[in-house]
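Below you'll find the structure, written out as structure tokens, and then a few comments.
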Amino acid sequence: MPDLKEAALKYQQTLGAEVSEQQELVDHGVKVVFVKLANTKNRTIHPLGANSPISSFLERNPAGGIHHVCYEVDDINEAANILQDKGAKFW
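In my numbering, each residue's number is its place in the sequence shown (first place is 1) plus 8.
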């Protein structure tokens, strides 16, 4: 996100989300807030600098966007097979 504080405020005001304090994860090159809703957990990130692994993503998407999505399942292989059978692609 181009403005992490603004994004956190929108999650709180618009969705009533519980949002953590901003943290710097220096080893990952990002600033992050964790957003929690009843059925969703979101990690909203912003690069710490030009060498951050996500800085090029934000350059290509200046308004921000979804970098990746994670799902929690009981059996990852079974879930992957079901998705692939339905045409999903994995990179």
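For every residue, glycine included, the Cβ atom is placed at its ideal position computed from N, Cα and C.
Practice item. Could you tell me whether the Cβ atoms of Gly73 and Gly57 are closer together than 9 Å? Key: As a position in the sequence shown, residue 73 is number 65, starting the count at 1. As a position in the sequence shown, residue 57 is number 49, starting the count at 1. For Gly73 and Gly57, no; Cβs fall outside 9 Å.
Review point. According to the Cβ coordinates, are Val40 and Thr52 closer than 9 Å?
Key: Numbered from 1 along the sequence shown, position 32 holds the residue referred to as residue 40. Numbered from 1 along the sequence shown, position 44 holds the residue referred to as residue 52. Yes, they are a contact pair.
Review point. Going by other Cβ atoms of all chains shown within 10 Å of its Cβ, with 16 needed for buried, is Val4 buried or exposed?
Key: Residue 4 lies beyond the stretch modelled for the chain, which goes from 9 to 99, so this question has no answer here.
Review point. Among Lys44, Gly95, Val81, which one has its Cα closest to the Cα of Pro16?
Key: Working through the sequence shown from its first residue, we reach residue 16 at position 8. In the sequence as presented, Pro is not what sits at residue 16; that position holds Ala. Checking every option, the nearest Cα to that of Ala16 belongs to Lys44.
Exercise for review: Quick one: grab the DSSP three-state call for Phe98.
Suggested key: Taking the first residue of the sequence shown as 1, we reach residue 98 at position 90. It is coil, neither helix nor strand.
**Study point:** Residue range of the alpha helix (DSSP H) that includes Leu66
**Key:** Counting from one through the sequence shown, the residue named residue 66 turns up at place 58. Unbroken alpha helix (DSSP H) run through Leu66: 63-68.
Check your understanding: Ends of the alpha helix (DSSP H) at Gln92?
Key -> Working through the sequence shown from its first residue, we reach residue 92 at position 84. Residues 84-93.
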